[in-house]
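Residue numbers (our numbering), protein chains in the order written: chain A, 1 to 252; chain B, 1 to 252; chain C, 1 to 252; chain D, 1 to 252; chain E, 1 to 252; chain F, 1 to 252.
There are 6 protein chains.
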Amino acid sequence: MRENPVRTAWAEGRGAITAWLTIANSYNAEIHAHDGFDAITVDVQHGVVSFQQAYEMMQAITTGSPAPIVRVPWNDPASIMKMLDGGAYGIVCPMINTREECEKFVGACRYAPTGYRSFGPARGVLHGGPDYFDHANDTIVTLAMIETRSALDNLEEIVKVDGLDSVYIGPNDLSISLGHGPAPEPKAKEVIEAVDHIYKVSKANGVRVGIHCPSGESTRRRLAQGYDFIAISNDARLISAINKKELADARG
Amino acid sequence: MRENPVRTAWAEGRGAITAWLTIANSYNAEIHAHDGFDAITVDVQHGVVSFQQAYEMMQAITTGSPAPIVRVPWNDPASIMKMLDGGAYGIVCPMINTREECEKFVGACRYAPTGYRSFGPARGVLHGGPDYFDHANDTIVTLAMIETRSALDNLEEIVKVDGLDSVYIGPNDLSISLGHGPAPEPKAKEVIEAVDHIYKVSKANGVRVGIHCPSGESTRRRLAQGYDFIAISNDARLISAINKKELADARG
Amino acid sequence: MRENPVRTAWAEGRGAITAWLTIANSYNAEIHAHDGFDAITVDVQHGVVSFQQAYEMMQAITTGSPAPIVRVPWNDPASIMKMLDGGAYGIVCPMINTREECEKFVGACRYAPTGYRSFGPARGVLHGGPDYFDHANDTIVTLAMIETRSALDNLEEIVKVDGLDSVYIGPNDLSISLGHGPAPEPKAKEVIEAVDHIYKVSKANGVRVGIHCPSGESTRRRLAQGYDFIAISNDARLISAINKKELADARG
Amino acid sequence: MRENPVRTAWAEGRGAITAWLTIANSYNAEIHAHDGFDAITVDVQHGVVSFQQAYEMMQAITTGSPAPIVRVPWNDPASIMKMLDGGAYGIVCPMINTREECEKFVGACRYAPTGYRSFGPARGVLHGGPDYFDHANDTIVTLAMIETRSALDNLEEIVKVDGLDSVYIGPNDLSISLGHGPAPEPKAKEVIEAVDHIYKVSKANGVRVGIHCPSGESTRRRLAQGYDFIAISNDARLISAINKKELADARG
Amino acid sequence: MRENPVRTAWAEGRGAITAWLTIANSYNAEIHAHDGFDAITVDVQHGVVSFQQAYEMMQAITTGSPAPIVRVPWNDPASIMKMLDGGAYGIVCPMINTREECEKFVGACRYAPTGYRSFGPARGVLHGGPDYFDHANDTIVTLAMIETRSALDNLEEIVKVDGLDSVYIGPNDLSISLGHGPAPEPKAKEVIEAVDHIYKVSKANGVRVGIHCPSGESTRRRLAQGYDFIAISNDARLISAINKKELADARG
Amino acid sequence: MRENPVRTAWAEGRGAITAWLTIANSYNAEIHAHDGFDAITVDVQHGVVSFQQAYEMMQAITTGSPAPIVRVPWNDPASIMKMLDGGAYGIVCPMINTREECEKFVGACRYAPTGYRSFGPARGVLHGGPDYFDHANDTIVTLAMIETRSALDNLEEIVKVDGLDSVYIGPNDLSISLGHGPAPEPKAKEVIEAVDHIYKVSKANGVRVGIHCPSGESTRRRLAQGYDFIAISNDARLISAINKKELADARG
């Protein structure tokens, strides 16, 4: 089975860096697939990407080497299994608040006996190879988003779920849930402490930690701290930022 | 934040009139966006519209002034939040039968602390403006469909749910649930009385009332009665009706 | 081979009536396919319909009985042949101004020896049947648009082209070309006379005459005059008209 | 209402044979619609087919006579009802493990009073006819997938659910669930016995039995045994198999 | 009719700056529509954008204020007129090498009597307004690409064509045509002189001059020189550039 | 630049075998990309494939090793250049009847000075690599279809065009043009002799010869004769053939 560059990075002691795609277009995905990321995450939750487009984007990602990852819209087995059948090598699942929710999520990503994923990896074999079934459970990564007060309350239990590879911190939602406004880079003391707490508890339980960062610079700091899976902003914000910079350069 | 023409109508003491789109096409949506409606509802439940097309239709609606509203296929947070992130200014949610279901629905439409909507309004800011987060909770309208006997039984509890703006009566399903066939304009006494009952209980609890009407004429009667949100038939029925009329004119 | 309802109407001494689709959607096309038209014309010239959507619309038309007709964007063999391969039973070709242009158009619609259409009727056989090749040349109808002053000048020559079934009058462009503004129903005396002239010259040469009409009522008059192929307005105008009428009914 | 060829086959004492489509394309669906199958199943679970494409494929199926069937991604009312509104004449529902799950599934396929399907059969009437509501409950077939150990444990209860027409055996998942690898044709004794057990218990309770087969030859054996609904492999596997055979023929 | 921001810039004595879109996605277009450009050019020539997607992108551009411009794949009336009917406010036409080619191009953009554009501005009126026909000829801008040796030879004749608003210099193709490799910023002396020559001859004939620039900084220099219509790189190059910069920031 | 497997086969003294895709779907293309063909030809002429879908199919082909080839709808530079920019490694051009037409075709596939292809290989670089411009002229293959009586008349001149790699024989059209019906495997003596004549004249002029074959067996015979580029039937025919065989196996 084709290896998972996220697991490769981890094996090499590096954090994996992912692009984060909200623009539903396979050419855009193909461009990103050749820009040097370890992974490319297709955001089917908040971006305006449909399932059909996510498949086409995963085909485009397969033309390069990054791992295709999908953030599903919700913790439901149908979405998760469809994206895995479409070739996803990892699932970021939003709003995991309890141990039961985490078990439901992780189980949907694994074939029996460790999970309840249904068999039929249509594009999975095309991306992964003919020995897909034998290695899928060990290759695919599971990332549970910790982004609410109630997830904080249940954190110790969540990170003990068998088969969970990593938590993924959503700073915006975590900040909102703790009573502050959205903040891509946590500013409020309470939020900063919550992030540190998630980091420590997860690592102490042998679970990796991912986080969404607003820039490459911020990513570098998180990598230095030991974070394992980091998204740099997203395609829509980056293109808009560079547009504004180039326009300013042009207009003086 | 761009204002919501549905709330504007309500503030002016008028019922809002919506087009109801079942044809999955952004040009069709753009035509409707310039025909004078207060709102345009994209039907992702019974029409054959996919999520991807619903986004494209909302982009087309943004070229005009009506509020983009979506009827989601079911009361699940993933659908609701995706449509809101896509720019919807209101959600019509089918089959709300209990207080718990209504709370689940309304909560999905509101950011914390009043709800549990996840943050990431990709197209929401493009339609609404950069101050989207500050005003979204107050701008977006929530409409719970009351269309079963069991919803009637739990009506008093449903309409007391905080954050519910309006009920929306589906005459066809209500009629079927009460043992009659589908009827776009209620005919059976029991159904007529049920509709009146919904109207009174809702209004008594400060909740607005919407209803689906088969024609402009029927809409006028409902407006006169005090209804607040009315759909005139749907695009597929209207185009078919005018086709048949014009063909009859042509063939004599 | 499945018969062509346009030819059937002609054989019965009736003019054929066509819907005119500018909304690129197969569900819309399927609705029209069941509304009683003799033909459904997909407008790939002025509507915003792409080739891909035109195919899907023709599949939808095949679920009913009307003839699928396509107005191609221009007199080029690639467009014409692609649409025929997709199952079109007739081609409306814009801007035919000379005998040579008409021969180029008609030849693209016919297999050798009468034309130069390339063989490979992918969807053609699915719509028409396995004996497609044997009858395609006799089944498919060719309609040349006469809509410029220069076409008027060359009319006698154009209508003598072998294999041309009908001319099709575009009142808007004809009116513009004669120095008047667009007019869906000719008003200027010069334009009215031009229309009558086209009618007479065509009929005198055994060529049928089609025209675009703004309404069913106008269509009835043209049918009574002997016109053979008439489009009633288009889907976008009709839906907009009925929307405005229903809104007026609603608002009083 | 247009009859359901699956029920026709059953009335004639034959098992129905279905194509199984995983390639999301309406032209491919239209080709299959003319190849002689009793039914064509669009796989929205494991194939890479989206809802939007499933609609377009059902339009293409309507150009021929086979019954359009859909395997939904999961047992959720939204997916089931959308596909029925899109014209599906049968639903294959994965992972039915308990009586409650089966009731939830079957209820979503039936209008009140026997179920809770919401009314609005947009394409349903176009495929089925204007009397759709009167006959839909009796025309549409429900097939519950039995593919886990826990389904085996609850089998007697599942097959007693009112309105369940058939079970459908998924050999791959059943085999995985029983501790063996995926096997399109059951080989392990335990799996073979489980299949026989499902067959006997279902038939004893008046419920029909379907199964997925890897080839026409295997299908013939199952038909002889009395199976009622059989899929022959799927389009992706068949096209790949014939490609490899033709290439071998070519290269010698 | 809605004004054309390109003409507005020109009236104000400024050069217009355009984004250049090669990623076929309406959400990407909508983001650009709110980033401050005077125009957004959809590249249907070298990008992988289809006609259907170009329409959807123009709908998205209409949600903001920039002028929607299209670079068509070739100088053919069908492409040009379809894009104008779709709402384009300007056409960039590649490979204009002779006076005749320029006349063919410009004529396709203008209604009679100044041109031969066919009437039917489906989305044109939705973007431009109901008085579209009266002002279209004066509002829409025509830009002829000068990018070959043969265009240089015929330049004096080309820029004298009535109705041509601007030339547009494609440095890459011009450089290749003059025997050098592609160069987004002309480096070879011969190419630099050719660019200057085009600038002078055009301006001397009252024709504006546009050019493709690789960056905002380069754009500023061209604006200072007096250029009238400048594209800053393209979306694919910009997103790739910022990806590489952010990754470098992240990895140190 | 990524090598062209068609040229590799030729360099190894083998004929290249191509799949021929008429089903517009990227998953289908991806399946074919892993089935062992030297090339995969996307038929944009007679299949129902649009430009947009052709791009997506080429992305899917890039996940495997076959050369992506496109049969364009007609000999026009816009179609040819768009497909090359989309990553095509070869163009099959229909209906080449004269030396001038062949020069127009070949020139559109080559950058100056040997041709007039415009620069902007959007997906070309993603498929081919960053040194695309330097090697594109030598890597891309050009195949001119010889399929009419008039092409036969001008054959000696056509095959002398510089830069033409291969002719490609379309047996169906050739047979029709010579007064016989369509015949995927030439049967009429006149057609057989014409095919042999094309083979000899081309080879004598150093031009390779391709032909469309109905089966692997027929392909083997052509390979043995020395043919250089052979398509085995097409996906639609193959899937239909295997469907019918499997159904026959099933029904006995």
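Glycine is no exception: its CB is placed at the ideal position from the N, C-alpha and C atoms.
Alpha carbon of residue i to alpha carbon of residue j, nearest angstrom
{"i": "residue 247(A)", "j": "residue 47(A)", "result": "25 Å"}
{"i": "residue 4(D)", "j": "residue 90(C)", "result": "33 Å"}
{"i": "residue 34(F)", "j": "residue 68(F)", "result": "13 Å"}
{"i": "residue 60(F)", "j": "residue 123(F)", "result": "12 Å"}
{"i": "residue 179(C)", "j": "residue 112(E)", "result": "8 Å"}
{"i": "residue 156(B)", "j": "residue 99(D)", "result": "32 Å"}
{"i": "residue 20(D)", "j": "residue 163(E)", "result": "57 Å"}
{"i": "residue 225(C)", "j": "residue 79(C)", "result": "33 Å"}
Residue range of the alpha helix (DSSP H) that includes residue i
{"i": "residue 10(E)", "result": "5 to 11"}
{"i": "residue 132(E)", "result": "132 to 139"}
{"i": "residue 249(C)", "result": "235 to 251"}
Cutoff 8 Å: residue i Cβ touching any chain D Cβ
{"i": "residue 132(C)", "result": "no"}
{"i": "residue 45(C)", "result": "no"}
{"i": "residue 59(C)", "result": "yes"}
Contact check, residue i vs residue j, beta carbons under 8 Å
{"i": "residue 257(C)", "j": "residue 145(C)", "result": "Given that chain C is displayed from residue 1 to residue 252, the structure contains no residue 257(C) and the question cannot be resolved."}
{"i": "residue 38(A)", "j": "residue 16(A)", "result": "yes"}
{"i": "residue 201(E)", "j": "residue 159(E)", "result": "yes"}
{"i": "residue 73(F)", "j": "residue 45(F)", "result": "yes"}
{"i": "residue 62(A)", "j": "residue 250(E)", "result": "no"}
{"i": "residue 223(C)", "j": "residue 232(C)", "result": "no"}
{"i": "residue 141(B)", "j": "residue 132(B)", "result": "no"}
{"i": "residue 245(E)", "j": "residue 216(A)", "result": "yes"}
{"i": "residue 143(A)", "j": "residue 252(A)", "result": "no"}
{"i": "residue 83(A)", "j": "residue 70(A)", "result": "yes"}
{"i": "residue 31(B)", "j": "residue 66(B)", "result": "no"}
{"i": "residue 214(E)", "j": "residue 185(E)", "result": "yes"}
Cβ-based neighbour list, residue i, same chain, cut-off 7 Å, excluding 5 preceding and 5 following
{"i": "residue 107(B)", "result": "115, 116"}
{"i": "residue 182(F)", "result": "172, 175, 176"}
{"i": "residue 103(B)", "result": "161"}
Closer than 8 Å to chain E by CB, residue i
{"i": "residue 3(B)", "result": "no"}
Closer than 8 Å to chain F by CB, residue i
{"i": "residue 173(E)", "result": "yes"}
Nonlocal neighbours in the same chain, by C-beta distance under 8 Å from residue i, ignoring five residues either side
{"i": "residue 10(E)", "result": "16, 208, 228"}
{"i": "residue 135(E)", "result": "1, 128"}
{"i": "residue 148(C)", "result": "95, 97, 173, 174, 177"}
{"i": "residue 50(E)", "result": "24, 44"}
Cβ of residue i within 8 Å of any chain B Cβ
{"i": "residue 71(E)", "result": "no"}
Start and end residues, beta strand (DSSP E) containing residue i
{"i": "residue 90(F)", "result": "90 to 93"}
{"i": "residue 260(B)", "result": "The displayed coordinates of chain B run from 1 to 252. Any statement about residue 260(B) would go beyond what the structure contains."}
{"i": "residue 148(F)", "result": "It is not in any beta strand (DSSP E) - residue 148(F) carries neither H nor E in the DSSP assignment."}
Test: residue i CB closer than 8 Å to a CB of chain A
{"i": "residue 118(B)", "result": "yes"}
Cutoff 8 Å: residue i Cβ touching any chain C Cβ
{"i": "residue 139(D)", "result": "no"}
{"i": "residue 219(B)", "result": "yes"}
Close beta carbons around residue i, own chain, < 6 Å, minus the five adjacent residues each side
{"i": "residue 168(C)", "result": "92, 143, 145, 210"}
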